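Peer 1: Questions regarding the structure given below will be posed in turn.
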Amino acid sequence: MDGATNWQKFKFITWPSMRTLYLTSTILSMIWTLGDFNSVYLLTGGGPADLTHVMATLGIRYLRLDQIDLAMASIVVALPLVLPLVYFMMKRLSK
-10 MDGATNWQKF KFITWPSMRT LYLTSTILSM IWTLGDFNSV YLLTGGGPAD
40 LTHVMATLGI RYLRLDQIDL AMASIVVALP LVLPLVYFMM KRLSK
């Protein structure tokens, strides 16, 4: 600690102790954002000009328009994004 710059203190002391917290928070945030149906649907319903959709609300929108193929595609497209994140989080949390 003696003689270390602020950057070195951060790099070798602060960041290693907080790395797990940041990684866990980031992964959980990504998982929840992809499936955040309630806030988007209740607040904007897809927003002005359908610009604020997430995968879940986009699937519901296509279901209401009777476009079942697009609805299933929009929901299934999220699986390759979410499943590795969930697997990684389960491995990290099981330690």
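Here the sequence shown stands for residues -10 to 84, numbered as in my numbering.
The C-beta atom is built at its ideal place from N, Cα and C for all residues, glycine as well.
The structure displayed is predicted, hence computed values, not measured ones.
Using CA coordinates, which residue listed in A60, M78, K84 is at the minimum distance from S18?
Peer 2: Numbered from 1 along the sequence shown, position 29 holds the residue referred to as residue 18. That would be M78, whose Cα lies nearest to the Cα of S18.
Peer 1: Look at T41 and G35 and say whether their C-beta atoms are less than 8 Å apart.
Peer 2: Reading the sequence shown from its first residue, position 52 is the one you call residue 41. Reading the sequence shown from its first residue, position 46 is the one you call residue 35. Yes, they are a contact pair.
Peer 1: Tell me whether K80 sits in a helix, a strand or coil according to DSSP, three-state version.
Peer 2: Position 91 of the sequence shown holds residue 80. Correct three-state label for K80: helix.
Peer 1: Select from W(-4), D55, Q(-3), A45 the residue whose C-alpha is nearest the C-alpha of I20.
Peer 2: Reading the sequence shown from its first residue, position 31 is the one you call residue 20. Closest by alpha carbon: A45.
Peer 1: Check whether the Cβ atoms of L74 and I2 lie closer than 8 Å to each other.
Peer 2: In the sequence shown, the residue the question calls residue 74 occupies position 85. In the sequence shown, the residue the question calls residue 2 occupies position 13. In this structure, I2 does not lie closer than 8 Å to L74 by Cβ.
Peer 1: Starting from L10, follow the alpha helix (DSSP H) in both directions and report where the run begins and ends.
Peer 2: Indexing the sequence shown from 1 puts residue 10 at position 21. L10 -> alpha helix (DSSP H) spans 4 to 23.
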